[in-house]
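Positions 1 to 231 (full-length UniProt numbering) are the ones given, in order, by the sequence shown.
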Amino acid sequence: MVMAAGRGTRMRPLTDDRCKALVTLAGKPLIDWTLDALAAAGVARAIVNVHHFADGLEAHLQTRPAPAIEISDERNGLLETGGGLVKAAPALGGEPVFVANIDAVWADGPVPELVRLAAGFDPQIMDFLLMLAPLERTLGFDGPGDFFLGEDGRLTRRGAAARAPFAYAGVMVMHPRVLEGWPQEPFSTNRLWDRGLAQGRVFGQVMNAFWMHVGDPNARDAAENRLRSDP
C-alpha cells in the first residue's frame, strides 16, 4: 500500500495545484519513485489512497504500466495513516504487505532495499518490520531520531533520550492481522506500532542505501542536487 492521501502542507507552494505525490523530483513524480521501487521488488498490485487533488493523481496512475493500481478513495474524509490502512484492509488480503510513504527516496544497490526488507520479515515473530536509516546517512531529516535497535532486531522508541541512532525510512512490511478491531476513523500508524512495541513484535532493518526524506521544497532541492552528483 502506498500512502498518498496527505494534503502536502509542508510542501507548499509546490502543492498549491497538485498533490504531494505528483511533486517532481529530478523530473519524476514522487509517487513514481515509490511505485518503481515496489515494482523492482516484484510487487504486482498496489493500493494507493487518495484525497488531495485526487483526480489528478488517479489520472497519472492510469498511465503507469506496473504495478496494477487499486484506489482507496478518501475524498470524503482524510483518515490519516492508521485509518487509511483500516479502510484499505479488505483489499490488502491476509499476507504481509509493504506500506510505503511517497516522500522516501533512495538509490538501490545490487540488492534492492525492498527485496532485503521482504526477505527479513518473519511473520512468526513480527507484525512490523520497519526500514531504518542511520541518521548519518540521511538527507532532509532533521529530527533527533526515532528508534533504538536491539541486538535481536526489536525496536524501542527514543522516548526521553536526546537522540536515537535511526530514523524510520518511510517503508515497512506489515501483517494485515494487526488491523483487526481498529475503527475506520482518523488515527496515526503510531498507535498500531505502540501496541506492537508493547508485544515485542516491531522489528527494524537498517538499509544499506543513503536515504532522502523529501518532505518540503528545500529537501526536494537538496535531493535533486544529490541525485545529480551521485545518481
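Just so it is clear, CB atoms sit at the ideal spot from N, CA and C, and this is done for glycine as well.
Exposure of residue i, with buried meaning 16 or more beta-carbon neighbours within 10 Å
i: Thr9; result: exposed
i: Glu180; result: exposed
i: Gln205; result: buried
i: Glu95; result: exposed
i: Ala37; result: buried
i: Pro67; result: buried
i: Gly170; result: buried
i: Pro90; result: exposed
i: Glu74; result: buried
i: Ala88; result: buried
i: Ala160; result: exposed
Endpoints, alpha helix (DSSP H) assigned at residue i
i: His60; result: Ala54 to Leu61
i: Asn218; result: Pro217 to Ser229
i: Asp194; result: Thr189 to Ala198
i: Ala167; result: Unbroken run through Ala167 is the beta strand (DSSP E), Phe166 to Met174; no alpha helix (DSSP H).
i: Ala118; result: Glu113 to Gly120
Residue j beta carbon less than 7 Å from that of residue i
i: Arg137; j: Phe210; result: yes
i: Ala133; j: Ala100; result: no
i: Ala164; j: Gly143; result: no
i: Gly200; j: Asp103; result: no
i: Val48; j: Val2; result: yes
i: Val178; j: Asp127; result: yes
i: Gly153; j: Ala219; result: no
i: Leu135; j: Phe147; result: no
i: Ser229; j: Gly82; result: no
i: Ala41; j: Leu129; result: no
i: Ala4; j: Ala21; result: yes
i: residue 251; j: Val105; result: There is no way to answer for residue 251, as the model of the chain reaches only from 1 to 231.
i: His52; j: Arg7; result: yes
i: Pro186; j: Leu79; result: yes
i: Leu117; j: Met131; result: yes
Nearest candidate by alpha-carbon position, reference residue i, set the options
i: Leu92; options: Glu74, Glu70 and Pro112; result: Glu70
i: Pro65; options: Glu80, Val48, Leu35 and Glu113; result: Leu35
i: residue 249; options: Arg157, Glu185 and Asn225; result: Because the chain is modelled from 1 through 231, residue 249 falls outside the range shown and cannot be assessed.
i: Pro226; options: Leu14, Leu25 and Arg18; result: A small fix is needed here, since residue 226 is Arg in this sequence, not Pro. Measuring from the Cα of Arg226, the nearest candidate turns out to be Leu25.
i: Cys19; options: Ala119, Asp55 and Leu38; result: Asp55
i: Gln124; options: Pro186, His175 and Asn190; result: His175
i: Gly109; options: Ala222, Glu224 and Asn208; result: Asn208
i: Pro183; options: Asp221, Gly84 and Phe121; result: Gly84
Extent of the continuous beta strand (DSSP E) run through residue i
i: Val43; result: No beta strand (DSSP E) holds Val43; DSSP gives it neither H nor E.
i: Pro134; result: Phe128 to Pro134
i: Val202; result: Val202 to Val206
i: Gly84; result: Not the beta strand (DSSP E): Gly84 falls in the alpha helix (DSSP H), residues Glu80 to Leu92.
i: Val23; result: That residue, Val23, is in no beta strand (DSSP E); it is neither H nor E in DSSP.
i: Val105; result: Ala104 to Trp106
Residues bridged to residue i [DSSP beta-bridge criterion]
i: Glu70; result: Ile47
i: Phe148; result: Thr156
i: Leu139; result: Met212
i: Pro29; result: Thr24
i: Met3; result: Asn49 and Asn101
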